[in-house]
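Novice: Numbering-wise, my numbering puts 257 at position 257 of the sequence shown, and it's gapless, one number per residue. Note that beta-carbon positions come from the ideal geometry of N, C-alpha and C, so glycine has one too. Got a structure for you, questions after.
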Amino acid sequence: MLVFNNKVDLNLCLQSKSAPNFSIGFVPTMGALHDGHLSLLKESINNNKLTVISIFVNPTQFNNAEDLEKYPRTLDNDIEKIKTVSEAIIVYAPTVEDIYEGNTTSQHYNFDGLEHQMEGKFRPGHFDGVGTVVKRLFEIVKPNNAYFGEKDFQQLQIIKKLVEKEKLPVTIIGCPIHRDSSGLAMSSRNQRLTDEEKRQATIIYRVLNQAKVLFGTKSAKEVHNYVAKSFAKIPNFDLEYFEIADEKNLLTCVRKSKNKKYRAFIAVFVNKIRLIDTISLN
Ligand code: PAF
Numbered sequence: 001m002l003v004f005n006n007k008v009d010l011n012l013c014l015q016s017k018s019a020p021n022f023s024i025g026f027v028p029t030m031g032a033l034h035d036g037h038l039s040l041l042k043e044s045i046n047n048n049k050l051t052v053i054s055i056f057v058n059p060t061q062f063n064n065a066e067d068l069e070k071y072p073r074t075l076d077n078d079i080e081k082i083k084t085v086s087e088a089i090i091v092y093a094p095t096v097e098d099i100y101e102g103n104t105t106s107q108h109y110n111f112d113g114l115e116h117q118m119e120g121k122f123r124p125g126h127f128d129g130v131g132t133v134v135k136r137l138f139e140i141v142k143p144n145n146a147y148f149g150e151k152d153f154q155q156l157q158i159i160k161k162l163v164e165k166e167k168l169p170v171t172i173i174g175c176p177i178h179r180d181s182s183g184l185a186m187s188s189r190n191q192r193l194t195d196e197e198k199r200q201a202t203i204i205y206r207v208l209n210q211a212k213v214l215f216g217t218k219s220a221k222e223v224h225n226y227v228a229k230s231f232a233k234i235p236n237f238d239l240e241y242f243e244i245a246d247e248k249n250l251l252t253c254v255r256k257s258k259n260k261k262y263r264a265f266i267a268v269f270v271n272k273i274r275l276i277d278t279i280s281l282n
């Protein structure tokens, strides 16, 4: 299996493989891979001649130094997991220097307001960091198709907007959320939860499902109150936000409209570990 930690060698390899009608599928990640990531790799393999995965914990998208420091880094283990999907996948695991070339800062983006809601509101600068690194990775890998999970639905919409605004020659494909058998959405951060915390965290998906049922007959405000009450009862849980928003522009739903598609978004701290999840309400 080919693993590169610098863009020059990666590009030489990709150039040597290029051929007419050749298509590169790309799965950008921050590592600590789980089955959700592997499903993105499978989707890419089924639709492209070559698949590249990047593993890079991007410092500019963290607004909390402790979160960056504690983010799991498990490269050897990740490579073993990738091998179970295919030995032909190319791994790009760059250094910070290879990506940022001595200037580890974000570019500032205008994503037409998508960046001001939810994750953008609670993690200032986060989407500038995501936009900067994703654009850089696209320039290096030059993929035809790139795959992102719907768990980070706001990120997915923002990356589509980045591609549209910057006219980047890549198709963005959103893939369904992967959940474990308890309903907990797969996330690299789950690795930091104890078994007991994992068990408790299953409430997140149960509450989202109940919110979906309630949204059939109740207002967004009433659903919001139900969710807030559900988490207030659990001592080591801290609800950061629950939002019902229009899927297209991510604006908060104040009054329901029949023609719009809505989605619920949630961020919860389980002790100090921040988990997010989302569910379509239509
Ligand atoms: O979703 C992630 O893992 C990251 O935000 C991404 C897209 C790889 C950018 O660092």
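Identify every run of the alpha helix (DSSP H) within the region 114-200, keeping only runs that are complete inside it and at least 4 residues long; order them along the chain.
Specialist: Here the runs fully enclosed are 118-122, 126-141, 153-166.
Novice: Residue ranges of each alpha helix (DSSP H) run of no fewer than 4 residues wholly in the region 74-114, ordered along the chain?
Specialist: Counting whole runs of 4 or more residues, the region 74-114 contains the alpha helix (DSSP H) stretches 75-85, 96-100.
Novice: Nearer than 6 Å: is that true of the beta carbon of residue 152 relative to any heavy atom of the ligand PAF?
Specialist: Locating residue 152 in the sequence shown gives position 152, counting from the first residue. Within the cutoff, so yes.
Novice: Quick one: measure Cβ to Cβ for residue 160 and residue 112, integer angstroms, because I've assumed they're closer than 8 Å.
Specialist: Within the sequence shown, the letter at position 160 stands for residue 160. Within the sequence shown, the letter at position 112 stands for residue 112. Not confirmed; about 11 Å, so no contact.
Novice: Assign residue 245 to one of three DSSP states: helix, strand, or coil.
Specialist: Taking the sequence shown and counting its residues from 1, one reaches residue 245 at position 245. Correct three-state label for residue 245: strand.
Novice: Touch check for the region 253-266 and the region 134-142: three-plus C-beta pairs under 8 Å?
Specialist: Taking 8 Å as the limit for Cβ pairs, the verdict is that the region 134-142 does not touch the region 253-266.
Novice: Just reading off the beta strand (DSSP E) that residue 26 is part of, what are its end residues?
Specialist: Counted from its first residue, the sequence shown places residue 26 at position 26. 24-29 is the span of the beta strand (DSSP E), which, as asked, contains residue 26.
Novice: Express the C-alpha separation of residue 202 and residue 233 in angstroms, rounding to a whole number.
Specialist: Here residue 233 corresponds to residue number 233 of the sequence shown, with the count starting at 1. Here residue 202 corresponds to residue number 202 of the sequence shown, with the count starting at 1. Between residue 233 and residue 202, the C-alpha separation is close to 15 Å.
Novice: What does the alpha-carbon distance come out to for the pair residue 121 and residue 115?
Specialist: Reading the sequence shown from its first residue, position 121 is the one you call residue 121. Reading the sequence shown from its first residue, position 115 is the one you call residue 115. If I take the Cα positions, the gap works out to 8 Å.
Novice: Any heavy atom of the ligand PAF within a distance shorter than 6 Å of the CB on residue 58?
Specialist: As a working mapping, residue 58 is identified with position 58 in the sequence shown. Checking the Cβ of residue 58 against the ligand PAF gives yes.
Novice: How should residue 272 be labelled, buried or exposed, when 16 other C-beta atoms within 10 angstroms of its C-beta is the threshold for buried?
Specialist: Here residue 272 is taken as the residue at index 272 of the sequence shown, counted from 1. Burial call: exposed.
Novice: Which residues in the same chain as residue 70 place their Cβ atom closer than 8 Å to its Cβ, once the five residues preceding and following it in sequence are excluded?
Specialist: Here the question's residue 70 lines up with position 70 in the sequence shown. 192, listed in sequence order.
Novice: Between the region 23-36 and the region 176-194, can you find at least three pairs of beta-carbon atoms closer than 8 Å?
Specialist: The region 176-194, when compared against the region 23-36, does touch it at the 8 Å Cβ threshold.
Novice: Assign residue 102 to buried or exposed, taking buried as 16 or more other Cβ atoms, counted over all protein chains shown, within 10 Å of its Cβ.
Specialist: If you number the sequence shown from 1, residue 102 lands on position 102. That one is exposed.
Novice: Residues in its own chain within less than 8 Å of residue 241 by CB, not counting five upstream and five downstream?
Specialist: Taking the sequence shown and counting its residues from 1, the one referred to as residue 241 is at position 241. Closer than 8 Å at Cβ, skipping near neighbours: 118, 121, 122, 265, 266, 267.
Novice: Tell me where the alpha helix (DSSP H) around residue 45 begins and ends.
Specialist: As a first step, residue 45 is located in the sequence shown; it is residue number 45 there, counting from the start. It spans 35-47 - the alpha helix (DSSP H) in which residue 45 sits, taken as one unbroken run.
Novice: Am I right that residue 250 and residue 157 are in contact with their C-beta atoms under 8 Å? What's the rounded C-beta distance?
Specialist: As a working mapping, residue 250 is identified with position 250 in the sequence shown. As a working mapping, residue 157 is identified with position 157 in the sequence shown. So it is a contact: roughly 7 Å between Cβ atoms.
Novice: Please confirm whether any heavy atom of the ligand PAF lies closer than 6 Å to the CB of residue 278.
Specialist: Sequence index remark: in the sequence shown, residue 278 carries index 278 (1-based). Outside the cutoff, so no.
Novice: Would you call the CB atoms of residue 173 and residue 151 closer than 7 Å?
Specialist: As a position in the sequence shown, residue 173 is number 173, starting the count at 1. As a position in the sequence shown, residue 151 is number 151, starting the count at 1. Not a contact, by the Cβ cut-off of 7 Å.
Novice: With H, G and I counted as helix, E and B as strand and the rest as coil, what does DSSP make of residue 371?
Specialist: The chain is shown from 1 up to 282; residue 371 falls before or after that span and cannot be answered.
Novice: State yes or no: is the C-beta of residue 124 nearer than 6 Å to some heavy atom of the ligand PAF?
Specialist: Position 124 of the sequence shown, counted from the first residue, corresponds to residue 124. Checking every heavy atom of the ligand PAF against the Cβ of residue 124, none is found closer than 6 Å.
Novice: What are the partner residues of residue 4, as DSSP defines its beta bridges?
Specialist: Walking along the sequence shown from the start, residue 4 turns up at place 4. Paired residue(s): 92.
Novice: Are the CB atoms of residue 23 and residue 49 nearer to each other than 7 Å?
Specialist: Stepping through the sequence shown from its first residue, residue 23 is reached at position 23. Stepping through the sequence shown from its first residue, residue 49 is reached at position 49. Yes, the Cβ-Cβ distance between residue 23 and residue 49 is below 7 Å.
Novice: Shortest alpha-carbon distance to residue 179 belongs to which of 217, 65, 38?
Specialist: Along the sequence shown, read from residue 1 onward, the residue named residue 179 stands at position 179. Comparing Cα positions, the closest option is 38.
Novice: Closest to residue 21 by C-alpha separation, out of 144, 253, 245, would be which residue?
Specialist: Counted from its first residue, the sequence shown places residue 21 at position 21. Considering only alpha carbons, the answer is 144.
Novice: Could you tell me the boundaries of the alpha helix (DSSP H) in which residue 52 lies?
Specialist: For the purposes of this step, residue 52 is identified with residue 52 of the sequence shown, where counting begins at 1. Careful: residue 52 lies outside any alpha helix (DSSP H), inside the beta strand (DSSP E) at 50-55.
Novice: With a 10 Å radius around its C-beta and 16 neighbouring C-beta atoms as the bar for buried, classify residue 186 as buried or exposed.
Specialist: Taking the sequence shown and counting its residues from 1, one reaches residue 186 at position 186. It counts as buried.
Novice: What is the rounded straight-line gap between the Cα of residue 153 and the Cα of residue 97?
Specialist: Your numbering for residue 153 matches position 153 in the sequence shown. Your numbering for residue 97 matches position 97 in the sequence shown. Near 29 Å, if we compare the C-alpha coordinates of residue 97 and residue 153.
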